[in-house]
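Its first residue numbered 55, the sequence shown is counted upward by one per residue in my numbering. Every residue gets a Cβ at the ideal spot worked out from N, C-alpha and C, and that includes glycine.
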Amino acid sequence: MKAVVYDRPGRFAVRDLPDPQPGPRDVLLRVLMAGVCGTDLHLHVGEFGPTYPLVPGHEIVGEVVGLGAEVSRLRPGQRVVLDNTTSCGACIECRRARPAFCRHLIAQGVNAPGGFAERIVAAEERCFEVDDLPVETAVFAEPTACVVHGLDVLGLRPVARVLLFGAGPTGLLLTQLLARSGAGSLTVAELVQAKLDLAAARGADHAILVDPSDPGVARSRLREIAPDGFDVVIDATGTLGVLEGAIALTRTGGTVFAYGMTPEAARWQVPSYEVFRREITIKGSFAQQFSFDRALEALRTRRIDTTGIITHRFRLDQYGEALAAVADSTCIKAVITPQQA
Ligand SMILES: [Zn+2]
Ligand SMILES: [Zn+2]
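Spelled out as structure tokens, the structure:
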């Protein structure tokens, strides 16, 4: 089979690999679609803990084409999405119900073979049947599970005034769940008008275009919307400048929520006196845990509507172009369809 393979940071090629063999409790999947994520850009430069050789790709929709001897639920021909992570169940984090922080975590597409390949093996118990969802919708299962987990961590209070920076794929998923999970008002700030239009159409009450050459204009609009600050300010961009301006926009007793992924070496200057004096909470959210079922529920009920979010499609042999698209602000979501290769 063909797959994108990295030997080391920054160097990948599409190679022929032997078809993976399912173990007794695994299924073999033909990959129908795999989403390209901002995380894949970090993996490209060696961040986020990759092991080599690496086949990336962690947002995966596949068709069951092979069964291990002990597989009892799934059948060939079924469409599934997969939770790409496996935790040990026994380490100090697993014992405290934090499997995403498992000391022995296996994450397909990060430190185990992922979905930018024609085929992938996955444990049956981590596959979720999605025959009723279009492939283009099902491919959002993993990022939606991350967003559901994010809302678990955030613990939004009813009728909170929320400001969200960033209307990329994650920002647009967050927009919809925030608008439908009790936010009193939702303001989305974003650099690209087309993304902002989607956010406005999916539940944002206020859509603020940020001009990086003159950010003061957006800042005064935000002040008008929330003269006392926002209860919650969310960064879904991973941009230090956004984080550094967040506390000033946060109401006394409010929360700054770091949802975007900055470079590993980035450092954020926090006005510590403000945190103390105004009782500001700073929270982060990482990956997903216990949230796949709810993510699929949100997609099935169209609480999250993914129409229009995929803007770019590529074959396996166009992986370099796919990464370039994800780095470009005009792309919202790029996907790989390996079977066309
Ligand atoms: Zn992702
Ligand atoms: Zn563990």
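Within the present structure, is the beta-carbon of residue i separated from the nearest heavy atom of ligand 1 by less than 7 Å?
i: His96; result: no
i: His112; result: yes
i: Glu179; result: no
i: Glu333; result: no
i: Cys148; result: no
i: Thr93; result: yes
i: Pro104; result: no
i: Glu11; result: No statement about residue 11 is possible, as the shown extent of the chain runs from 55 to 395 and does not include it.
i: Pro63; result: no
i: Glu196; result: yes
Out of the options, which has the shortest C-alpha to C-alpha gap to residue i?
i: Pro104; options: Gly143, Ala161 and Leu128; result: Ala161
i: Gln372; options: Ser141, Ala67, Asp61 and Pro63; result: Ala67
i: Thr360; options: Gly143, Leu95, Pro197 and Leu97; result: Pro197
i: Gly222; options: Ala341, Ala388 and Arg152; result: Ala388
i: His260; options: Ser239, Pro269, Val271 and Pro266; result: Ser239
i: Leu128; options: Leu83, Val109, Leu350 and Cys91; result: Leu83
i: Thr293; options: Ser383, Leu71, Ala280 and Arg277; result: Ser383
i: Arg79; options: Asp137, Arg133 and Val175; result: Val175
i: Gly236; options: Ala192, Gln247, Pro266 and Asp285; result: Asp285
i: Leu377; options: Val99, Leu86, Pro74 and Asp61; result: Val99
i: Gly131; options: Arg69, Val242 and Asp186; result: Asp186
i: Thr241; options: Glu278, Leu208 and Cys142; result: Glu278
i: Val207; options: Leu297, Thr316 and Ala312; result: Ala312
i: Ile114; options: Pro107, Leu232, Gly89 and Ala199; result: Gly89
i: Ala272; options: Gly299, Val380 and Ala254; result: Gly299
i: Gly111; options: Arg215, Gly122 and Val164; result: Val164
i: Arg356; options: Gly257, Glu375 and Glu333; result: Gly257
For the alpha helix (DSSP H) holding residue i, just list the boundary residues, first then last.
i: Ser326; result: Ser326 to Arg331
i: Glu117; result: Counting along the chain, Glu117 falls outside any alpha helix (DSSP H), though it belongs to the beta strand (DSSP E) covering Glu113 to Leu121.
i: Ala254; result: Gln247 to Ala255
i: Phe219; result: From DSSP, Phe219 is part of no alpha helix (DSSP H) but of the beta strand (DSSP E) over Ala214 to Phe219.
i: Ser274; result: Pro269 to Ile279
i: Leu240; result: That residue, Leu240, is in no alpha helix (DSSP H); its beta strand (DSSP E) goes Ala237 to Glu244.
i: Arg354; result: Phe346 to Arg354
i: Gly338; result: Unbroken run through Gly338 is the beta strand (DSSP E), Thr335 to Gly338; no alpha helix (DSSP H).
i: Val207; result: Ala195 to Leu208
i: Ala233; result: Pro223 to Ala233
What residues match up with residue i in a beta bridge as DSSP calls it?
i: Glu183; result: Val134
i: Gln264; result: For the sequence presented, residue 264 should be read as Val rather than Gln. BP columns for Val264 are empty, so no partner.
i: Val58; result: Val68
i: Ala166; result: Gln162
i: Ile363; result: DSSP lists no partner for Ile363.
i: Leu108; result: Tyr60
i: Ala319; result: In DSSP, Ala319 forms no bridge with anything.
i: Thr139; result: Ala161
Assign residue i to buried or exposed, taking buried as 16 or more other Cβ atoms, counted over all protein chains shown, within 10 Å of its Cβ.
i: Phe170; result: buried
i: Ile262; result: buried
i: Gly338; result: exposed
i: Phe219; result: buried
i: Phe330; result: exposed
i: Ile301; result: buried
i: Phe344; result: exposed
i: Glu179; result: exposed
i: Thr224; result: buried
i: Gln323; result: exposed
i: Ile146; result: exposed
i: Val213; result: exposed
i: Arg149; result: exposed
i: Gly295; result: exposed
i: Glu351; result: exposed
i: Gln230; result: buried
i: Gly143; result: exposed
i: Leu252; result: buried
i: Glu244; result: buried
i: Thr291; result: buried
i: Pro72; result: exposed
i: Arg133; result: buried
i: Thr191; result: buried
Could you check whether the Cβ of residue i sits closer than 7 Å to any heavy atom belonging to ligand 2?
i: His158; result: yes
i: Ala166; result: no
i: Gly143; result: yes
i: Glu351; result: no
Go to residue i, then tell me how far its beta strand (DSSP E) extends in each direction, as first and last residue.
i: Gly89; result: Asp80 to Val90
i: Val287; result: Phe284 to Asp289
i: Phe311; result: Thr304 to Ala312
i: Val380; result: Run containing Val380: none in the beta strand (DSSP E); it sits in the alpha helix (DSSP H), Tyr373 to Ala381.
i: Ala177; result: Arg173 to Ala177
i: Val389; result: Lys387 to Ile390
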